[in-house]
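Enquirer: Chains as they are written, first to last, in my numbering: chain P, 166 to 372; chain R, 5 to 598; chain X, 27 to 254.
Heads up, the beta-carbon is just placed ideally off N, CA and C, and yes, glycines get one too.
Owing to the predicted nature of the structure, the values given are computational and were not obtained by experimental measurement.
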Amino acid sequence: MAHAAAVQEDVMLPPPSRAPGAGVYSEKLGMWIFLGSEVMFFTALIGTYVILRFAHPDAWAGHPKPHTPLNIPVTAVNTFLLICSSVTMVKAFAAAQDGIQRQLRLWLLATVLIGATFVGVQVYEYTHLIEHGFVPSQGLFGSTFYTMTGFHGFHVTMGVLCMIYVTMKAFRGKYTQADHRGVEVIGLYWHFVDLVWIILFTIVYLI
Amino acid sequence: MATTATGTSPFTYDHGHAHVDDRSFIRKYIFSTDHKIIGIQFLIMSLTFLLLGGTLAMVMRWQLGFPGKPLPGGTLLPDTYTSGGVVLPEFYNSAVTMHGTFMVFFAIMPLLVGVFGNYLIPLKIGAPDMAFPRINMASFWTAVPAGFLMLAGFFVEGGSAAAGWTSYAPLSARSDLTGVHLGQIFWCVSLIVLGLSSIMGSFNYITTVINLRAPGMNWFRLPLSIWSLFVTACLVLLAIPVLSGAAILLLFDQTIGTKFFEPTAGGQPLLWQHLFWFFGHPEVYILILPAMGMASDIIANGARKPIFGYTSMVLAIIAIGFLGWGVWGHHMFQSGMNPTLGTTFMISTLLIAVPSAIKTFNWLGTIWKGQITFHVPMLHALAFVSMFVIGGLSGVFMAASPFDIYIHDTYFIVAHLHYVLFGGSLFAIFAAVTYWYPKMFGRMMNPTIGKVHFWLTLVFYNCTFFPMHQLGLHGHMRRIYDPTQYAFLKDLQPVNTFISISAFCLFATQFLFAANFIMSWFRGEKAPNNPWLDNGLEWTLPSPPPHGNFATVPTVYRGPYEYSSPHSDEDYIPQNVPTPGGGYGSPHPQHAGD
Amino acid sequence: MGNFLSWMLPEGASTFVGDIDWIYYLILVVTGVAFFAVEIALVVFLIKYRKRPGGKATYVHGSTRAEIIWTSVTAVVVVIIGLLSAPAWNKIKGREGVPPNAMPIGIAAKQFEWNVTYPGADGKLGTPDDFTIRGQLHVPVNKPTVAMLTSQDAIHSFFVPSFRIKQDAVPGMHIRVWFQPTKVGEYELGCAELCGLGHYRMRAVVTVHTQEDYDRWVAQAAHSVAQR
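1) Should Ser-2 (chain R) go down as buried or exposed, given a rule of 16 or more other Cβ atoms within 10 Å for buried?
2) Assuming Ala-114 (chain X) and Ile-191 (chain X) form a contact by the criterion Cβ under 8 angstroms, report the distance between their Cβ atoms to the nearest whole angstrom.
3) Kindly list the residues whose CB is nearer than 7 angstroms to the CB of Gly-249 (chain R), restricted to its own chain and excluding five residues on each side of it in sequence; keep chain order.
4) Chain R partners of His-297 (chain P), CB-CB under 7 angstroms?
5) Out of R:Ile-230, R:Thr-101 and R:Tyr-172, which has the shortest C-alpha to C-alpha gap to Asp-257 (chain R)?
6) On the premise that Gly-479 (chain R) lies in contact with Lys-119 (chain X), defined as a C-beta separation below 8 angstroms, what is that separation, rounded to the nearest angstrom?
7) State the Cα-Cα distance for the pair Thr-461 (chain R) and Asp-156 (chain X), rounded to the nearest angstrom.
8) Under 8 angstroms, do Leu-216 (chain R) and Ala-131 (chain R) count as touching if we go by C-beta distance?
9) Does DSSP put Pro-578 (chain R) in a helix, a strand or coil?
10) If the cut is a Cβ gap below 8 angstroms, which residues of chain B does Gly-44 (chain X) touch?
11) Could you tell me the distance, in whole angstroms, from the CA atom of Val-203 (chain X) to the CA atom of His-182 (chain X)?
12) Would you tell me roughly how many angstroms separate the C-alpha atoms of Ala-112 (chain X) and Ala-135 (chain X), rounded to the nearest one?
13) CA-CA distance, Thr-544 (chain R) and Asn-534 (chain R)?
14) When DSSP builds the beta bridges, which residues end up paired with Cys-217 (chain X)?
15) What residue does the beta strand (DSSP E) around Met-174 (chain X) start on, and which one ends it?
16) State the CB to CB distance for the pair His-39 (chain R) and Asp-133 (chain R), rounded to an integer number of angstroms; the pair is presumed to be in contact (CB under 8 angstroms).
17) Name the residue from X:Gly-222, X:Ser-250, X:Arg-229 and X:Pro-126 whose alpha carbon lies nearest to the alpha carbon of Leu-493 (chain R).
18) Roughly how far, in whole angstroms, is the beta-carbon of Gly-396 (chain R) from the beta-carbon of Ala-357 (chain R), given that I think they are within contact range, below 8 angstroms?
19) With distances taken from CA atoms, which of R:Asp-575, R:Asp-573 and R:Arg-562 is nearest Trp-223 (chain R)?
20) Against chain X, which members of the region 363-382 of chain R pass a CB distance test of less than 8 angstroms?
21) CB-CB under 6 angstroms to Ala-335 (chain R), same chain, minus the five flanking residues each way: which ones, in chain order?
22) Provide the residue(s) that pair with Phe-205 (chain X) in DSSP beta bridges, ordered along the chain.
23) Report yes if the CB atom of Val-196 (chain X) is closer than 8 angstroms to the CB atom of Leu-274 (chain R), and no otherwise.
24) Using 8 angstroms as the limit for Cβ to Cβ distance, is Pro-185 (chain P) near chain R?
25) Would you list the residues sitting across from Arg-160 (chain X) in a DSSP beta bridge?
26) Spell out the partners DSSP gives Thr-414 (chain R) in its beta bridges.
27) Report yes or no: is there a C-beta of chain R within less than 8 angstroms of the C-beta of Gln-246 (chain X)?
28) Does Thr-347 (chain R) have its Cβ less than 8 angstroms from a Cβ in chain X?
29) Starting from the C-beta of Leu-60 (chain R), find all residues in its chain whose C-beta is less than 6 angstroms away, skip the five residues before and the five after it, and write them out in chain order.
30) Got a sec: which bits of the region 235-256 of chain R sit with their beta carbon under 8 angstroms from any beta carbon on chain P, in order along the chain?
31) Should Ile-351 (chain R) be flagged as near chain X, meaning a C-beta pair shorter than 8 angstroms?
32) Tell me the DSSP secondary structure of His-293 (chain P) in three-state form.
33) Does Gln-272 (chain R) come within less than 8 angstroms of chain P when only Cβ atoms are used?
34) Can you tell me the Cα-Cα spacing of Pro-185 (chain P) and Met-221 (chain R), whole angstroms?
35) Please name the residues in the region 154-178 of chain X whose beta-carbon is closer than 8 angstroms to at least one beta-carbon of chain R, in chain order.
36) With a cut-off of 8 angstroms on the beta carbons, I'd call Val-277 (chain P) and Met-196 (chain P) a contact; round off their distance for me.
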């Protein structure tokens, strides 16, 4: 290599003091960035709903008052359950940070069970609605309702599956006080999915 | 540094990662997590779709150049495609649609983002691989079934999607309007699946560029290829989900009877257009930014000079990324949307010409007072600049919304889009493939064939697409199977025939590139580490680099464009070579004439 | 055969020619100057600065002054083009641009034909003397006509090149499109939005009459439609 003239000095200099990077480990950074794409996805669906509803409000006639096809009380309880599962997730992460294995496992398990219950209640509500003729093809209300809640439910289901994987790893003792990245990362996703639901519940069910 | 959930620092500088890969053939080359292999996998897939897309264009050009005449080999096709060998309108509309779909989604985008994003990012920033190598593998293997599904459309009843690559509703939602049912469904599902692949790739690239840069590789020492790929990945991350959403809505209208785009039930056809083009405009910047970035790297190298105005070039890339979100309505000037929106979109669209102009002037500044070597990649990169200028200038005509009234949906638009996508992106791809081929395969492509391919392509390409401006100015509409139906178009038939013959020659010429690519893989001259005397980190490694890339983590002392620097006897100095006299180079480049 | 290589616009036959064509020529000149300047500079540089034995490239990183100049010149030029174009846009497509005395007609696009509804002798749409004809658009010269455009199935696009007018026809929407022809004669109408298999043959004839010929045509056409 013809760089002998260049290399004779400098070799003993210390490396640059500032290491490049976000100061956040990659898995967490990656999850935050991925959640950006999820924001855009749900914004497209929610934006569609807003546009269609403003253009054609009579497709939602009677909703939410005086007579809605949706079961708001049951869904309100379901919403509360999902929020509880975010609390259990926070407890699980705290246990991981403190290195308390037993609590980590139990709180993760609780999150899985509540999350699965949420999905189950959603499925129950869907069957009920379909039996009563409120189907995706009934009109704009059905179209938007099933698409938005359905894709949210799909995201919760994927979250539950990942949460089961993390829980199984926790039961095998794979998370330590020093390294519990998986717990934090699934927690981020879980809180996001909860936040989206709070928004969806408000605008789809309550307004 | 904030507390991390791991005890160890994410930045371990004590050792590099290069090592011999002794796993099985399947783990090494099929289900590989090595970004270099994945990049080459995307290369093979994309070049295949480029060929398929080109073939479909030949079908279209045959019908337009010789309407009603039997297509050579046409009698071999099923009678849903041709009748007595003559292309049927069904096949023509299908070819129009799938040509665009293949080229945009399965050729140009994966060539720029999947191939060069994967191949270049870790190498050029001094990293052993991407931040998430297994997700990288998943990204490729998700794109493959998406591709097969898109191809499958040709083999089902009703044929492939036929509503244009833009798939406007309600045409695309109703099989009674197109005569196509499964094909349109496959189109939607394929893009949803491909979208997952793209999103996986995008957050991988972004995390990698942020977190895995080698010491000394600060943001303003990144090559423009990496800057452009980074901004492109941000666009992919945020735009593709909107397409996914739109495709899901369309799919549901097609299959389960939802009413999103059904006017009789209150649905809004324009909603499809807003969603599609809100994605679609950032998409076209996805299709040009990496090309611009790689062309910059190659032009600086060919001119043996630093890039002129590096900071402006970076700001222009970022500006294009930002402004690109605010112009989508220019695809919808004549759609029936509120005319006031037309004025606002006209202004934003005219403004986005500015950063592209800045880049063009800086490319000129780069070759000014250089010592230009006309190697094959440089030829293509210079053609990129030249042709992109034409494409960009033609865009001004359609940005002016009153004139767009006349040229919208005519061949003037077709000329514009091919000047930026072929004249721009594809020439840059030819440049990039030739440039990085030695690093990828350890062999040089044959330069003589390269030069012949270049000149023939340049000539036939301009003969094919330049006259389309004139066709459009005469009112020749897009996507029409038989222009001779109109008296005002009949006189233009000689132009259509000329374009078609040029297109056939252009297509045939590409076999030179294909032959060069394949032959050089086995018989090309063995490539040295740094055949182009480039400053980038990848050129300090063997060709091809080992698994894990760098044996020792490089330290970066300067930017990538220090050609003809007074700090070196040579006219180049790789980024990881210490500056004589110590120090880490200046963090900000010197400016002449300040 | 030579004129199809020309950069001149084909002859037009409506008032919009005066509103639109000059914008085209202005942009043609501006982009033409830019094109020649850049491409010639490119070629000159490639020749002048090609590698020579013993030559050395000039080690320079840029020029802030140059950046400021070419950024601001480009920005000013494009903004001017926008400001100059906006009035024409408002006039042709704006809600307020439609002349109040324009003759109303209805145009319904469908796969693969244009159905034009005429107001009949009373000049008003939506009255019993309206009549509909397929594939023929008849209008009087030097008078504005405003069409209420819609579609019955897919999106089509109403395009009369000689009038420099184009407007998408969207199902579920009724969109106003107006024009004022300036020359008597026959012109063609084509569909400019892919609408299915017959998109390529969705043609209609536009006939511009003198006022007397138009009145005569209306009377005769209304009569034959009534006879059907």
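Expert: The relevant details are as follows:
1) No information on residue 2 (chain R) is available, as it lies outside the stretch 5 to 598 that chain R covers here.
2) In fact, because the Cβ distance is near 12 angstroms, the residues do not count as touching under 8 angstroms.
3) Excluding positions up to five away in sequence, the list reads Leu-279.
4) Result: empty, since nearest Cβ-Cβ is about 17 angstroms, beyond 7 angstroms.
5) The shortest C-alpha separation from Asp-257 (chain R) is found at R:Tyr-172.
6) At roughly 19 angstroms, the Cβ-Cβ gap does not stay under 8 angstroms, so Lys-119 (chain X) and Gly-479 (chain R) are not in contact.
7) Taken atom to atom, the span from the alpha-carbon of Thr-461 (chain R) to that of Asp-156 (chain X) is near 58 angstroms.
8) It is a contact, given that the beta carbons lie within the stated cut-off.
9) Of the three classes helix, strand and coil, the one that applies to Pro-578 (chain R) here is coil, per DSSP.
10) Absent from the structure is chain B; the protein chains it does hold are P, R and X.
11) Taking C-alpha positions only, Val-203 (chain X) is separated from His-182 (chain X) by approximately 14 angstroms.
12) Spanning the alpha carbons of Ala-112 (chain X) and Ala-135 (chain X) requires a straight line of approximately 29 angstroms.
13) The alpha-carbon atoms of Thr-544 (chain R) and Asn-534 (chain R) are separated by roughly 7 angstroms.
14) Cys-217 (chain X) pairs with X:Phe-184.
15) That run of the beta strand (DSSP E) goes 171-177.
16) The Cβ separation is near 5 angstroms, so the contact holds.
17) Just measuring C-alpha positions, the residue of X:Gly-222, X:Ser-250, X:Arg-229 and X:Pro-126 sitting nearest Leu-493 (chain R) is X:Arg-229.
18) Contact between Gly-396 (chain R) and Ala-357 (chain R) holds: their C-beta atoms lie close to 7 angstroms from each other, under 8 angstroms.
19) Selected option, being the one with the closest Cα: R:Arg-562.
20) Result list: Thr-364, Phe-365, Asn-366, Leu-368, Gly-369, Ile-371, Trp-372, Lys-373, Gly-374, Gln-375, Ile-376, Thr-377 and Phe-378.
21) The question names Ala, but residue 335 (chain R) in the sequence shown is His. Residues Trp-281 of the same chain have their beta carbon placed closer than 6 angstroms to that of His-335 (chain R), with the five preceding and five following residues left out of the count.
22) Looking at the DSSP assignment, Phe-205 (chain X) forms a beta bridge with X:Thr-171.
23) Closer than 8 angstroms, so yes.
24) Interface residue, yes.
25) X:Asn-141, per the DSSP bridge assignment.
26) In the DSSP output, where bridge partners are listed per residue, Thr-414 (chain R) has R:Met-481.
27) At least 8 angstroms separates the CB of Gln-246 (chain X) from every CB of chain R.
28) Closer than 8 angstroms to some Cβ of chain X, the Cβ of Thr-347 (chain R) qualifies, so yes.
29) Same-chain partners within the cutoff: Ala-99, Met-102 and His-103.
30) Interface annotation for the region 235-256 of chain R against chain P: Leu-241, Leu-242, Ala-243, Ile-244, Pro-245, Val-246, Ser-248, Gly-249, Ala-250, Ile-252, Leu-253 and Phe-256, criterion Cβ-Cβ distance under 8 angstroms.
31) Judged by the 8 angstroms Cβ criterion, Ile-351 (chain R) is in contact with chain X.
32) Here His-293 (chain P) sits in helix by DSSP.
33) Taking Cβ atoms only, chain P reaches closer than 8 angstroms to Gln-272 (chain R), which makes this a yes.
34) Straight through space, the alpha carbons of Met-221 (chain R) and Pro-185 (chain P) are spaced by roughly 7 angstroms.
35) Taking 8 angstroms as the Cβ-Cβ cut-off against chain R, none of the residues of the region 154-178 of chain X qualify.
36) Their Cβ separation, rounded to whole angstroms, is 19 angstroms, which puts Val-277 (chain P) and Met-196 (chain P) out of contact at 8 angstroms.
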